[in-house]
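Below you'll find the structure, written out as structure tokens, and then a few comments.
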Amino acid sequence: MKILIVNAGSSSLKYQVMDMTDESTLAKGLIERIGIPGSCLKQTVGEDKRVIELPMKDHIEASKQMIMALTDPSHGVLESMDEISAVGHRVVQGGEIFTTSTLIDEACIDAIKDNIPLAPLHNPANLMGIKACLQVMPDKPMVAVFDTSFHQTMAPQAYLYGFPYEYYDRLRVRRYGFHGTSHRYVSKRGAQFLGKNMTDLRIITCHLGNGSSICAVDHGRSVDTSMGLTPLEGVLMGTRSGTVDPAALQFIMNAEHIDIDEMLEILNKKSGFLGVSGVSSDMRDVEKAAEQGNKQAQVSLDMLFRGIKKYIAAYAAIMGGVDAIIFTAGIGENSPELREAVLSNMEFMGISIDREKNRIRGKEANISGEKSQVKLLVIPTNEELVIAQDTKELVSQLS
Ligand code: AMP
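Below you can see the structure in the form of structure tokens.
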């Protein structure tokens, strides 16, 4: 069975074809600048990299070009789209409606629309991708996989904010959490790596990339996570501030004569590593600047290390202990410096890192010190695989 995985943004469409007989990736593609001058499709098949520049006015046009690229006789991977059994779509916000991945039908599309107020930037883009695929591949079963659904197991004391209850009751203002597909994948894979079942373990998963979130996975269920109603809450990120005192916003807005939209633009796009270091949103640039003596760069790194440490200790406390800590995503997989800084001086919690084993980048590894009571792992994430597996499982039930 071959599955097409689609992740649509407002002007982009990422895709991948997976062969589920061995869960291998046959092709990966990225279409950028949809609806704006300079549209471009980049597809990778093994060593073959292809770039096609041509105008694509909308996601329907982009989906047609994706199909042409995948079925191209010399650079594609499919003889025809008949080889594709189903399409799995990434959807950011499933709200309280979607606790698992779901087959896409009219009711599902309406429910994703209902969640637009909770994710005004992401859900409309995801819907454009779904609708475009339905138009160009009307006979294919489609599945929606939500970033939020893994966290729907959280209890009210984890997901409620201290606002008047009516804001939850009427407006559904609460913690939803994100990166759920990644936290779910790495916690399951991490348990397999240890030869254990995730339902026997208390795991803390650290998804650290441009956007970062930490999750407490207690016996297989997400019981708390650092992102909230939106992906702005939690630790310091590439351009996002993470958690701040909400009253600081009024102070800055009054002093700088800016409105709430401008303030949120600053919190989402101009803060984090970029804002504090003044160097870059990319951790590699920030690390380089810090090595060269840039104090603001160093303090931005220290803020992230400290933030992650605090979540690890807090989540161990709410789970009554921790059996494994897992690092994933761009920074988590590739920065030994971050892992060492976060995990040092944690012996009081039974955590000790092996500095030699920690030198790896981008592959599965056990980096625990000999005496560490807590297993410390690096597990590269694979959200596309989870989307493909869920899609396969749901469409198999159709026949
Ligand atoms: P992601 O959003 O998962 O693609 O992660 C992007 C982040 O990973 C950026 O901040 C990159 O700087 C960071 N990253 C990627 N490779 C490395 C590396 N070798 N060392 C440190 N950070 C890295």
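So the mapping is simple: our numbering equals the position in the sequence shown, first residue as 1, plus 161.
Beta carbons: idealized from backbone N, C-alpha and C, even for Gly.
Source: prediction; values computed, not measured.
What are the boundary residues of the alpha helix (DSSP H) that includes Phe307?
No alpha helix (DSSP H) holds Phe307; the beta strand (DSSP E) holding it covers Met303 to Phe307.
Among Ile548, Phe509 and Ala490, which residue has its Cα nearest to the Cα of Lys524?
Ala490
Should Ile473 go down as buried or exposed, given a rule of 16 or more other Cβ atoms within 10 Å for buried?
buried
What does the alpha-carbon distance come out to for the pair Leu397 and Met242?
43 Å
Can Val306 and Ile273 be called in contact, C-beta distance under 9 Å?
no
Cα-Cα separation, Pro302 to Gly439:
47 Å
Which residues mark the beginning and the end of the alpha helix (DSSP H) in which Ser461 is found?
Lys456 to Met480
Count the other CB atoms within 10 Å of the CB of Gln204; is the residue buried (16 or more) or exposed (fewer)?
buried
Is the separation between the beta-carbon of Ser310 and that of Gly341 shorter than 9 Å?
yes
Would you check if the distance between the CB atom of Met444 and the CB atom of Lys470 is smaller than 9 Å?
no
Helix, strand or coil: which one does DSSP assign to Arg445?
helix
For Leu332, report the span of its alpha helix (DSSP H) as first-last.
Tyr326 to Leu332
When every heavy atom of the ligand AMP is checked, does at least one fall within less than 8 Å of the C-beta of Ile375?
no
With 16 other Cβ atoms within 10 Å as the buried cut-off, status of Val405
exposed
With a cut-off of 8 Å on the beta carbons, I'd call Ser432 and Ser402 a contact; round off their distance for me.
4 Å
Jot down the residue ranges of each uninterrupted beta strand (DSSP E) in the region 480-521, minimum 3 residues, whole runs only, in chain order.
485-489
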